[in-house]
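Residue numbers for the sequence shown follow my numbering, beginning at 208 and rising by one.
Backbone N, C-alpha and C define an ideal beta-carbon position, used for all residues, glycine too.
Source: prediction; values computed, not measured.
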Amino acid sequence: MQEKGILQGNLTKALLRMAVPLFVLNLVNSLYNIIDTFWVGQLGELQVGAVSLVGPIMWCAQSVAMGLSAAAIALLSTRLGANQKGDACRFATALLYFAIGFAIVLSIGTLLLLHPILSWLDTPKEIYDTSYQYLLGISFDYIGLLMLNLYMAMRQSAGDSRSGVKLNMCASLLNAILDPIFIFVFHFGILGAAIATVVSKLVMVPIAWRRLHDKAFPVHIDFRAYPFHAADGKIILKLCIPAASGQFLENLGFVIMNKYIVYYGAVAISAYGVGAKMVTLAYIPVMSIGAVLATFVGQNLGAGNTERARKAFHTAMKLSTLFSSTLTIIGMLVITPFIHLFVPNASTQLMELTQEYAFFALLCGVFMGWYINLNDGVFNGSGHTNYTFILSMMRLWAFRIPMILLFHRFTSLGITGIWLAMLLSNIFECILAQAIYLRHRWEHSAILTETERIQPSEETVKEI
208 MQEKGILQGN
218 LTKALLRMAV
228 PLFVLNLVNS
238 LYNIIDTFWV
248 GQLGELQVGA
258 VSLVGPIMWC
268 AQSVAMGLSA
278 AAIALLSTRL
288 GANQKGDACR
298 FATALLYFAI
308 GFAIVLSIGT
318 LLLLHPILSW
328 LDTPKEIYDT
338 SYQYLLGISF
348 DYIGLLMLNL
358 YMAMRQSAGD
368 SRSGVKLNMC
378 ASLLNAILDP
388 IFIFVFHFGI
398 LGAAIATVVS
408 KLVMVPIAWR
418 RLHDKAFPVH
428 IDFRAYPFHA
438 ADGKIILKLC
448 IPAASGQFLE
458 NLGFVIMNKY
468 IVYYGAVAIS
478 AYGVGAKMVT
488 LAYIPVMSIG
498 AVLATFVGQN
508 LGAGNTERAR
518 KAFHTAMKLS
528 TLFSSTLTII
538 GMLVITPFIH
548 LFVPNASTQL
558 MELTQEYAFF
568 ALLCGVFMGW
578 YINLNDGVFN
588 GSGHTNYTFI
598 LSMMRLWAFR
608 IPMILLFHRF
618 TSLGITGIWL
628 AMLLSNIFEC
638 ILAQAIYLRH
648 RWEHSAILTE
658 TERIQPSEET
668 VKEI
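Now the structure itself:
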């Protein structure tokens, strides 16, 4: 059912009503990651480092899923806002073709490049074998990842943030149950953690597939009614490629950052992994608000209501600032017990490094909310994924990586220089994003401009 509060009514209530299910999902996912890290931590603190090292590599591949989701929300929400449901369904069907194709290519590519990737990362010999095992197992995760992300994006574009959340929550809960079974009962070790992740998503794929074909919903899949057209694929790629490329380059920047963290030892990358789990919890509210903001911006621009799209951004900023400020303070107070929760026998070095990283990362909270609302909410929602590409690339490659290099070569800050570069890069990124916002070009939806040349489907003609 479409959320009526998107186009009219109280924006604060409507944003929160749609954001709460995503908040719950992100919370469950983060709690799962905490549980996952807890079980992996029982194998040893270096095993936590192995997963943390491989993580950004998987994020690079997952950037395709992010790009498809951005394209789905922008395309479908704008068409629904313009009351062109037939075209929305046509694009949804085309998006599914892309999801399946990308999943196959990513899995094969990751399997072929396992050793070259780990060698390029200068993986410490203490964690090389465990990193290889985890990367091998997780390379089969793409079909489940892409299908569930696309399902959630399609539902969210129509204002239904609950259906996708429920399915992803089930996958996360199943993952949490399977983790100790595969790790300890079947004695698969760290490979078991990867297998549990893959299986938990694959179990949900048939359910998502069936629901995507439900014609009772405003956006559904129908391969017979909407065969693939090259023109549709071109539009999707125009939106997907900038968003996915930006995410890829940003995540590749995290890979480079990891290389510098590894320079300070395997314990350093473990500290980064443990600290990141806690910081992610503090970012959940702003990530959820930014995600639903894209639907508000897309549908209101599609309906010609630019002023409400602007108000939606301002409301989202107020909510994000409130939540992030509060959680930053709370996070500062619980850093130490949080570390002991993950790694009961943590070394003094692990404790000190994790505390320092968490301090700087928590200070980024308000700026992350600002950045996510503009990048994920306003620019993706309006279809201006070229802006998201620029911002994602600049954040790591123009700001963070150069500062890391400068601090590394010309100061005695040590690993603290990496955390400081992380904070400063987020501040600079927000200033750049706000400058782009104030140019007001995003107010002219890139979706309708790109798609107005495409002939409406028969279903849309009948509705008109």
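Assuming Lys-332 is part of the alpha helix (DSSP H), what are its boundary residues? Note, Lys-332: premise wrong, no alpha helix (DSSP H); not H, not E.
Does DSSP put Ala-473 in a helix, a strand or coil? helix
Would Thr-623 and Glu-559 qualify as a contact pair, given that the criterion is a beta-carbon distance under 8 Å? no
Mind checking whether Leu-352 and Gln-269 have CB atoms under 8 Å apart? yes
Examine chain D for any beta-carbon lying closer than 8 Å to the beta-carbon of His-651, and answer yes or no. Structure shown: chain D not included; a single protein chain is present.
For the stretch 271-320, list the alpha helix (DSSP H) runs that are entirely contained and at least 4 residues long, ordered along the chain. 292-319
Determine the DSSP secondary structure at Ala-565, reduced to helix, strand or coil. helix
Reference Gln-291, options Ala-432, Ala-510, Lys-525, closest by Cα: Ala-510
Give the single residue among Phe-230, Ile-448, Ser-619, His-591 whose Cα lies nearest to the Cα of Ala-198. Nothing can be reported for residue 198, as the shown portion of the chain is limited to 208 through 671.
What are the start and end residues of the alpha helix (DSSP H) that includes Phe-617? 608-617
Helix, strand or coil for Phe-347? Go by DSSP, reduced to three states. coil
Using the rule of at least 16 other Cβ atoms within 10 Å of the residue's Cβ for burial, across every protein chain shown, is Asp-348 buried or exposed? buried
Taking the alpha-carbon of Leu-409 as reference, which of Leu-355, Met-485, Met-575, Ser-452 has the nearest alpha-carbon? Leu-355
Measuring CA to CA, which of Asp-367, Ile-264, Ala-272, Ala-281 is closest to Val-322? With the sequence shown as reference, residue 322 is identified as His, and Val is not the correct amino acid for it. Nearest C-alpha to His-322: Ile-264.
Express the C-alpha separation of Ile-443 and Ala-306 in angstroms, rounding to a whole number. 11 Å
Residue from Met-494, Asn-458, Gly-588 with nearest C-alpha to Val-231: Met-494
For Phe-574 and Leu-222, believed in contact at Cβ under 8 Å, the rounded distance: So it is not a contact: roughly 20 Å between Cβ atoms.
Verify whether the separation of the beta carbon atoms of Pro-456 and Leu-603 is less than 8 Å. Note on residue identity: the sequence assigns Leu, not Pro, to residue 456. For Leu-456 and Leu-603, yes; Cβs fall inside 8 Å.
Restricting to Cα atoms, I'd like to know which of Asn-512, Leu-631, Asn-233, Val-541 is closest to Glu-650. Asn-512
Contact set for Asp-386: own chain, Cβ-Cβ below 8 Å, skip 5 residues either direction: Ile-242, Asp-243, Trp-246, Gly-399, Ala-400, Ala-403
With Leu-630 as the anchor, note down where its alpha helix (DSSP H) starts and where it stops. 623-644
Sort Pro-492, Leu-598, Gly-621, Phe-435 by Cα distance to Ile-638 and report the nearest one. Leu-598
Cα-Cα separation, Ser-259 to Gly-480: 5 Å
What is the rounded straight-line gap between the Cα of Phe-635 and the Cα of Trp-577? 11 Å
Between Ala-257 and Ser-338, how many whole angstroms is the CB-CB distance? I'm expecting something under 8 Å. 4 Å
If I follow the unbroken alpha helix (DSSP H) through Trp-416, where does it start and stop? 397-419
Determine the contact status of Asn-587 and Ile-280, defining contact as a CB-CB distance below 8 Å. yes
Do Ser-368 and Pro-228 come within 8 Å of each other at the CB atom, strictly closer than that value? yes
Please specify which runs of the alpha helix (DSSP H), each continuous and at least 4 residues long, are wholly inside the stretch 479-563, giving them in chain order. 513-540, 542-549
Pick helix, strand or coil for Ile-443, following the three-state DSSP scheme. helix
Would Val-541 be called buried (16 or more neighbouring beta carbons within 10 Å of its own) or exposed? exposed
Over what stretch of residues does the alpha helix (DSSP H) that includes Leu-581 continue unbroken? Here Leu-581 belongs to no alpha helix (DSSP H), and DSSP marks it neither H nor E.
Pick from Val-499, Leu-548, Thr-535 that is closest to Lys-220, judged by C-alpha positions: Val-499
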